[in-house]
Amino acid sequence: MNAVGFERVTLAYGERTIWSDLTLQIAPGSFVAILGPNGSGKTSLLRAILGLVAPAAGRIEVQGHAPHRGDPGIGYIPQHSSFDPDLPFRGRDLVRLGIDGHRWGMGLPDAKVTERVARALGSVEAAAYADAPIGRLSGGEQQRLRVAQALVGEPKLLLCDEPLANLDLRYQQTITGLIAAWRERSGGTVLFVTHDVNPVLSLVDQVLFVVNGRWAAGTPDEVLSSERMSELYRSHVDVVRVHGRVLVVGETTETGFNLDEPHHVPVAVEHRPEG
Amino acid sequence: MDQVIQLLGYDFVQNAIAAGIVIAIVSGVVSRFVVARNMSFAVHALSELGFTGAAGFILLRLSPVLGLLAGTTITAVFIGALGVRERGRDVVIGVVMAFGLGLGVLFITLYKGYANQAFAILFGTITGVSREDVLLLVGIGAVTLAALALVYRPLTFATVDPEVAAARGVPVGALAVVFLLIMAAAVAEAIQVVGVLLILTLLITPGAAAERLTPRPGAATAWSVGIALFCVLGGIFFALLTNHPVSVFVTSLSFACYLLARFVVGPRRRDARAAQRTVSVAPTLVERPASSITEKTRL
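So the sequence lines, in the order shown, correspond to chains Z and S.
Its first residue numbered 0, the first sequence is counted upward by one per residue in numbering that gives the first Met the number 0.
Its first residue numbered 0, the second sequence is counted upward by one per residue in numbering that gives the first Met the number 0.
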């Protein structure tokens with residue numbers, strides 16, 4: 000049984016097709032990087048797996064069943080976003096939401112739940128600041144807590160939506176390390192949306208690259224090549240490997256680079272004449 | 000003082016206290032979410048259109064309490080239907096509020112000899128509520144509290160962490176509408192004490208003061224309820240003692256609570272916690288270098 004399977008899936012918002020005809024099987028225990036420019040539908044792909052949007056066509060299967068809202072087998076780590084510094088809410092409370100935050104009722108104190116939260120905090124080494132107001136913690140500390148929150152429910156599948164964005168290099172490594180350690184420990188599957196593949200390159204088994212409704216999937220070596228990328232972008236793109244890093248670089252045109260962020264993620268310039 | 004004790008024997012005072020307790024508990028809990036969700040403008044709009052509802056019901060010779068509830072509920076439904084997302088929400092509220100207040104003006108001009116009741120709704124009437132009104136207010140309060148108890152946890156999730164809440168299957172959009180309806184009931188209740196114009200003193204200030212006193216969400220809600228109770232009951236007490244309107248004292252007490260929480264009690268408690276944390280963190284700090292070395296060698 001695949002962790003996630005896409006069969007000729009098309010995703011659309013109203014009239015606008017995000018991407019179409021995606022067929023992809025993701026084996027349990029694999030680490031998949033989902034790459035592509037902003038607005039290419041990476042987050043929508045995660046939302047489809049979470050059962051928050053239904054595909055316009057095709058079939059998605061998540062651990063043997065159709066996607067459904069509130070799937071307890073899925074953990075989710077969002078992009079770092081700041082909390083109000085005066086919000087009376089602690090890291091401990093954030094992690095607890097990962098256990099029973101979705102349930103109706105008050106959520107009164109419960110020794111078993113408290114114990115699970117404490118263990119999750121320990122596993123990401125966040126116990127020292129778990130009682131401080133969450134809005135006063137650094138971005139990296141908050142993301143550690145996010146990892147604990149996503150893993151405390153013991154998911155089989157972890158969806159990460161740009162979890163490294165706005166973090167400095169040291170914290171990028173810490174967060175990546177925590178996710179890698181979880182995968183090792185539990186045999187779980189990771190889908191990792193990112194605009195820069197480099198921080199996770201050594202972990203990635205499979206890459207899914209989405210551009211302007213088209214996609215390419217395969218191992219990093221297969222997908223991150225000048226031929227495949229040029230084909231995907233329908234323009235001349237060079238993939239360069241320097242010091243174990245992958246750089247995707249577009250050619251210059253009258254309107255600037257034909258890729259928006261040459262060292263990160265490429266975005267095709269829309270005004271370029273066809274040809 | 001003797002005079003107050005004597006007054007406690009009167010029906011109208013007992014009515015006021017019974018209604019005041021329920022209203023304070025509802026306000027205390029709701030104000031926590033109003034503050035965290037940044038919805039003070041919505042509270043204001045619900046309140047002013049509660050006035051329109053009450054004016055309309057008085058014109059039709061119906062219960063002004065039910066009129067308040069009708070006004071706030073219809074407004075909540077409108078805001079909910081037109082847009083509950085944070086972006087553009089205030090615009091929708093402004094549009095609905097302007098129209099609704101226009102209706103309120105119309106109702107006032109249509110009704111003759113109206114001034115007294117209008118004044119009561121604008122500035123609070125708690126010592127004037129009848130037995131039936133008390134039962135009605137307790138009933139509305141009980142239903143509101145039951146609804147809050149039911150949605151408390153997912154509403155907290157949706158408020159603090161909407162993106163992950165949605166991913167975990169929490170119906171974030173539906174809860175926003177449910178909370179608007181809860182706010183509608185809370186506003187209709189709180190207007191009884193402080194009136195339309197001073198509504199924020201019960202639906203913002205207790206929650207805002209509580210935020211300064213503790214980082215624990217449950218404790219903050221308890222503080223907020225406690226502050227609201229103190230303000231309402233204190234307000235009734237001083238009103239009986241002096242014969243001035245209740246709302247004058249409620250607003251003064253709640254403002255004093257906020258200032259104390261923000262500038263005196265809050266900072267002191269924060270310092271105490273910081274001191275405690277450095278003590279408890281010290282042993283782990285000693286262990287830390289070892290673990291960071293292993294981390295480095297692994298990388």
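For each residue, glycine too, the CB sits at the ideal point set by N, CA and C.
Being a predicted model, the structure only gives us computed values, none of them experimental.
Non-local C-beta neighbours of V209(Z) in its own chain, meaning closer than 8 Å and more than five positions away in sequence, comprise W18, I33, L34, G35, S39, G40, K41, L44, ordered along the chain. The three-state reading of DSSP puts L212(S) in coil, since its state is none of H, G, I, E or B. Between D10(S) and N242(S), the alpha-carbon positions lie close to 17 Å from each other.
Counting along the chain, R135(Z) sits inside no alpha helix (DSSP H), nor does DSSP assign it H or E at all. Under the DSSP assignment, A26(Z) falls outside any beta strand (DSSP E); it carries neither an H nor an E label.
The beta carbon of V76(S) sits closer than 6 Å to no other beta carbon from its chain once the five residues preceding and following it are set aside. DSSP lists no beta-bridge partner residue for A173(S). D132(S) is outside the set of residues whose beta carbon lies under 8 Å from a beta carbon in chain Z.
Distances from the CA of P161(S) to each of H235(Z), P66(Z), E60(Z), G97(Z) were compared; the closest alpha carbon is that of G97(Z). No Cβ-Cβ contact shorter than 8 Å links A271(S) with V25(S).
Between the C-alpha atoms of I22(S) and I125(S) there is a straight-line separation of about 10 Å. Note on the stretch 60–120 of chain Z: whole beta strand (DSSP E) runs with a minimum of 3 residues are 73–76, in chain order.
Neighbours of W181(Z) in chain S, taken as residues whose beta carbon is under 9 Å from its own, are absent, since the nearest beta carbon is some 15 Å off.
The beta carbon of V95(S) is closer than 8 Å to those of A44, L48, T74, F77, I78, L81 in its chain, skipping five residues each way along the sequence. Across the stretch 165–176 of chain S, CB contacts with chain Z closer than 7 Å involve A165, A166, R167, G168, V169, in sequence order along the chain.
At least 8 Å separates the CB of P198(Z) from every CB of chain S. Nearest to D132(S) by C-alpha distance, out of A15(S), Y257(S), R261(S), L258(S), is A15(S). Its chain contains V186, I190, V195, I198 as the residues whose beta carbon lies nearer than 7 Å to that of S46(S), once the 5 sequence neighbours on both sides are disregarded; these appear in chain order. Nearest to V128(S) by alpha-carbon distance, out of P63(S), F229(S), I4(S), is P63(S). A straight line joining the alpha-carbon of L102(S) with that of A54(S) spans about 9 Å.
For L59(S), there is no enclosing alpha helix (DSSP H), as DSSP marks it with neither H nor E. Within chain S, not a single residue places a beta-carbon under 9 Å from that of H64(Z); the smallest gap is close to 14 Å. Shown here for L240(S): same chain residues with a beta carbon closer than 7 Å to its own, the five before and five after excluded, namely V3 in chain order. For L49(Z), the closest Cβ of chain S is nearer than 8 Å. Short of 7 Å from the beta carbon of T193(Z), and not among the five residues preceding or following it, lie these beta carbons of its own chain, in chain order: A32, L34, E161, L163, V199. Collapsing the DSSP output to three states places V94(S) in a helix.
Considering only beta carbons, the part of the stretch 143–154 of chain Z lying closer than 9 Å to chain S consists of R145, Q148, A149, G152, in chain order. In this structure, the CA atom of S80(Z) is about 8 Å from the CA atom of G138(Z).
Look at T42(Z) here: in three-state DSSP terms it is helix.
Contact residues of the stretch 27–49 of chain S toward chain Z are A35 (C-beta to C-beta distance below 8 Å). Between W181(Z) and G13(Z), the alpha-carbon positions lie close to 38 Å from each other.
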